[in-house]
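Colleague: The structure's right below; bear with me while I get my questions together.
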Amino acid sequence: MDATAGRVVWVAGHVAVRNGRRDPNWRNNVGLLIRWLHPDGTWRHVQIDCGKTFRESKKYGKFPRKFPHEKSDKTGAVLVPTTPVDFLDALLLTHDHADAILGLDELRQLQRFDNATRQVCGPPIQCFCDARTMRHCLARDVFQLGLKTQLSLQLLGAFARLPQAVLFLTCSLAARAPKKGLLHCHVLGEVPEDTSPFEVQGLMIHALPVLHGADYVSFGYGFGPKGSKVVYISDYTELLPRTETLLEHWSQDGIAVMILDMLFPSSQKALVHANLDDSIALVRRYRPRKAFFVGMCHFRCLERRLWVMIGL
1 MDATAGRVVW
11 VAGHVAVRNG
21 RRDPNWRNNV
31 GLLIRWLHPD
41 GTWRHVQIDC
51 GKTFRESKKY
61 GKFPRKFPHE
71 KSDKTGAVLV
81 PTTPVDFLDA
91 LLLTHDHADA
101 ILGLDELRQL
111 QRFDNATRQV
121 CGPPIQCFCD
131 ARTMRHCLAR
141 DVFQLGLKTQ
151 LSLQLLGAFA
161 RLPQAVLFLT
171 CSLAARAPKK
181 GLLHCHVLGE
191 VPEDTSPFEV
201 QGLMIHALPV
211 LHGADYVSFG
221 YGFGPKGSKV
231 VYISDYTELL
241 PRTETLLEHW
251 SQDGIAVMIL
261 DMLFPSSQKA
271 LVHANLDDSI
281 ALVRRYRPRK
291 AFFVGMCHFR
301 CLERRLWVMI
311 GL
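The numbers in UniProt numbering rise by one with no breaks, and the one at position 39 of the sequence shown is 39.
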């Protein structure tokens, strides 16, 4: 603690914060925005995870306020205009740790609003998570939850045994509660945890169970057309058999992109995250056309070229 300046000096992570936000090593919690053109002609946005730095991501431009898309004019030339990203249709949560859920309240600014009245005019953001993550959020009153009607009895029965859930549900039904909840939750008990696909706003997505430490199951997600799959696994130490089988199948037709956890460079081990060697091994095994490593600690500087370090 620097008492004279009234701030905490983070000595261990100095390399990541020495130059402030202009430094490429200034990092926020990992997440992914999926954007595609729906058959009805409208853009759809699905966010994977909403961690404790999500507000900073929006404020300082890490969350894309605009997103390029291709469009041809009458001459056949390709134009690349930008369209705003000012709402979310759905949210996928990988697990219940702070780096995945503690920014949920910031999603209020990404609801669909009526520009004239500034009132919420669309349905709640659809949220997909496992039962453990949902219990965690309920117990801590992290968000206003809109329960699916067909799931109400099932979920209320499950959560009635939790004192925090009873308190939360009682308060959420009080007169002062908002008319519309922020999130509308679907539990991965109904959304298959066995890697079979489920639909989110017309996009077919697979939950990919992985180990995040010795005895904790987290989820990655996979989506995209055959031969162009995108695989997102932000927190893992080992793939579970069901996920390995599915990725082997996808790799036969071709995986377009893999986004993988990589906390430490080289062979340095972590108890609950993959290191560089682990993720390089997965890239060599499944042969994606592109691979991105995320979640690096302060030992991994962006200006140091990985292929120089590991001889790729």
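Where is the CB? At the ideal position from N, CA and C, for every residue including glycine.
(1) Among residues of its own chain, excluding the 5 on either side of residue 292, which ones have a beta-carbon nearer than 8 Å to its beta-carbon?
(2) Mind pulling the beta strand (DSSP E) runs of 3 or more residues that sit fully within the segment 222 to 305?
(3) From what residue to what residue does the alpha helix (DSSP H) around residue 136 run?
(4) In whole angstroms, give me the CA-to-CA distance for residue 277 and residue 265.
(5) Short of 8 Å in beta carbon distance, which residues of its chain neighbour residue 121, apart from the five on each side in sequence? Order them along the chain.
(6) Sorted by chain position, which residues of the same chain lie with C-beta nearer than 8 Å to residue 52's C-beta, five sequence neighbours on each side aside?
(7) Is the beta carbon of residue 126 closer than 9 Å to that of residue 183?
(8) When you compare only the Cα positions, how much space is there between residue 132 and residue 187?
(9) Restricting to runs no shorter than 4 residues, where is the alpha helix (DSSP H) found entirely within the segment 30 to 63?
(10) Rounding to the nearest angstrom, what Cα-Cα distance links residue 27 and residue 42 in this structure?
(11) For the alpha helix (DSSP H) holding residue 98, just list the boundary residues, first then last.
(12) Using only alpha-carbon positions, find the residue among 217, 48, 210 and 56 that is nearest to residue 128.
(13) Return the CA-CA distance between residue 221 and residue 117, expressed in angstroms with no decimal places.
(14) Around the C-beta of residue 214, are 16 or more other C-beta atoms found within 10 angstroms, so that it is buried, or is it exposed?
(15) Please report the residue range of the beta strand (DSSP E) in which residue 85 lies.
(16) For residue 163, which residues from the same chain have a beta carbon less than 6 Å from its beta carbon, with the 5 sequence-adjacent residues on both sides left out?
(17) Would a C-beta distance cut-off of 9 Å place residue 254 and residue 290 closer than the cut-off?
(18) Just how far apart, CA to CA, sit residue 240 and residue 45?
(19) Do you know offhand how far residue 245's Cα is from residue 283's?
(20) My output table needs one value for residue 119: the three-state DSSP class, helix, strand or coil.
(21) Between which residues of its own chain and residue 295 is the CB-CB distance below 8 Å, once the five residues before and five after are set aside?
(22) DSSP on residue 106, reduced to helix/strand/coil?
(23) Using beta-carbon positions only, say whether residue 210 and residue 243 come within less than 9 Å of one another.
(24) How many angstroms separate the CA atom of residue 247 from the CA atom of residue 286?
(25) Relative to the C-alpha of residue 105, which residue among 123, 85, 50 and 130 is closest?
(26) Return yes when the Cβ of residue 279 is within less than 9 Å of the Cβ of residue 94, no when it is not.
(27) How is the beta strand (DSSP E) around residue 199 delimited, first residue to last?
(28) By alpha-carbon positions, which one of 203, 297 and 288 ends up nearest to residue 40?
(29) Suppose you measure from the CA of residue 225 to the CA of residue 32; what does that come to, to the nearest Å?
Modeller: Answer, in terms of the structure:
(1) Within the sequence shown, residue 292 is the residue found at index 292, counting from 1. Closer than 8 Å at Cβ, skipping near neighbours: 257, 258, 259 and 260.
(2) 229 to 233, 255 to 261 and 290 to 294
(3) Here residue 136 corresponds to residue number 136 of the sequence shown, with the count starting at 1. Per DSSP, residue 136 belongs to the alpha helix (DSSP H) from 131 to 139.
(4) As a first step, residue 277 is located in the sequence shown; it is residue number 277 there, counting from the start. As a first step, residue 265 is located in the sequence shown; it is residue number 265 there, counting from the start. One C-alpha to the other measures close to 8 Å.
(5) To locate residue 121, count along the sequence shown from 1; it is residue 121. Excluding positions up to five away in sequence, the list reads 112, 113 and 114.
(6) For the purposes of this step, residue 52 is taken as residue 52 along the sequence shown, with counting starting at 1. Cβ-Cβ distances below 8 Å link residue 52 to 29, 98, 99, 102 and 103 in the same chain, with the five nearest sequence neighbours on each side left out; the list follows chain order.
(7) Walking along the sequence shown from the start, residue 183 turns up at place 183. Walking along the sequence shown from the start, residue 126 turns up at place 126. Yes. Within cutoff.
(8) Residue mapping note: residue 132 aligns to position 132 of the sequence shown, counting from 1. Residue mapping note: residue 187 aligns to position 187 of the sequence shown, counting from 1. For residue 132 and residue 187, the distance between alpha carbons rounds to 9 Å.
(9) Restricted to the segment 30 to 63, the alpha helix (DSSP H) segments that are unbroken, complete and at least 4 residues in length are 54 to 59, listed in chain order.
(10) Here residue 27 refers to the residue found at position 27 of the sequence shown. Here residue 42 refers to the residue found at position 42 of the sequence shown. Between residue 27 and residue 42, the C-alpha separation is close to 31 Å.
(11) Mapped onto the sequence shown, residue 98 falls at position 98. Taken as a continuous stretch (DSSP letters only), the alpha helix (DSSP H) holding residue 98 covers 98 to 101.
(12) As a first step, residue 128 is located in the sequence shown; it is residue number 128 there, counting from the start. Nearest option by C-alpha distance: 48.
(13) Taking the first residue of the sequence shown as position 1, residue 221 is located at position 221. Taking the first residue of the sequence shown as position 1, residue 117 is located at position 117. So the alpha carbons of these two residues sit roughly 37 Å apart.
(14) As a position in the sequence shown, residue 214 is number 214, starting the count at 1. When all chains shown are included, residue 214 counts as exposed.
(15) By one-based count along the sequence shown, residue 85 stands at place 85. That residue, residue 85, is in no beta strand (DSSP E); it is neither H nor E in DSSP.
(16) Here residue 163 refers to the residue found at position 163 of the sequence shown. Since pLDDT at residue 163 reaches only 44, below the 50 mark, its modelled position is unreliable, and the value read off the structure follows with that caveat. There are no such residues.
(17) For the purposes of this step, residue 254 is identified with residue 254 of the sequence shown, where counting begins at 1. For the purposes of this step, residue 290 is identified with residue 290 of the sequence shown, where counting begins at 1. Cβ distance not < 9 Å, so residue 254 and residue 290 don't count as in contact.
(18) By 1-based counting over the sequence shown, the position of residue 240 is 240. By 1-based counting over the sequence shown, the position of residue 45 is 45. Between the C-alpha atoms of residue 240 and residue 45 there is a straight-line separation of about 28 Å.
(19) Working through the sequence shown from its first residue, we reach residue 245 at position 245. Working through the sequence shown from its first residue, we reach residue 283 at position 283. If you take the alpha carbons of residue 245 and residue 283, they lie about 15 Å apart.
(20) Taking the sequence shown and counting its residues from 1, the one referred to as residue 119 is at position 119. It is coil, neither helix nor strand.
(21) The residue you call residue 295 lines up with position 295 of the sequence shown. Within the same chain, residue 295 has close Cβ partners 30, 234, 235, 261, 262, 263 and 273.
(22) As a position in the sequence shown, residue 106 is number 106, starting the count at 1. Helix at residue 106.
(23) Position 210 of the sequence shown, counted from the start, is the residue given in the question as residue 210. Position 243 of the sequence shown, counted from the start, is the residue given in the question as residue 243. Yes, Cβ-Cβ distance for residue 210 and residue 243 is below 9 Å.
(24) Position 247 of the sequence shown, counted from the start, is the residue given in the question as residue 247. Position 286 of the sequence shown, counted from the start, is the residue given in the question as residue 286. Each residue's alpha carbon lies about 7 Å from the other.
(25) Residue 105 sits at position 105 when you count from the first residue of the sequence shown. The residue with the shortest Cα to Cα distance from residue 105 is 50.
(26) Taking the sequence shown and counting its residues from 1, the one referred to as residue 94 is at position 94. Taking the sequence shown and counting its residues from 1, the one referred to as residue 279 is at position 279. Not a contact, by the Cβ cut-off of 9 Å.
(27) The residue given as residue 199 occupies position 199 in the sequence shown. Where residue 199 is concerned, the enclosing beta strand (DSSP E) stretches over 197 to 200.
(28) In the sequence shown, the residue the question calls residue 40 occupies position 40. Cα-wise, what sits closest to residue 40 is 203.
(29) Translated into the one-based positions of the sequence shown, residue 225 becomes position 225. Translated into the one-based positions of the sequence shown, residue 32 becomes position 32. Between residue 225 and residue 32, the alpha-carbon positions lie close to 18 Å from each other.
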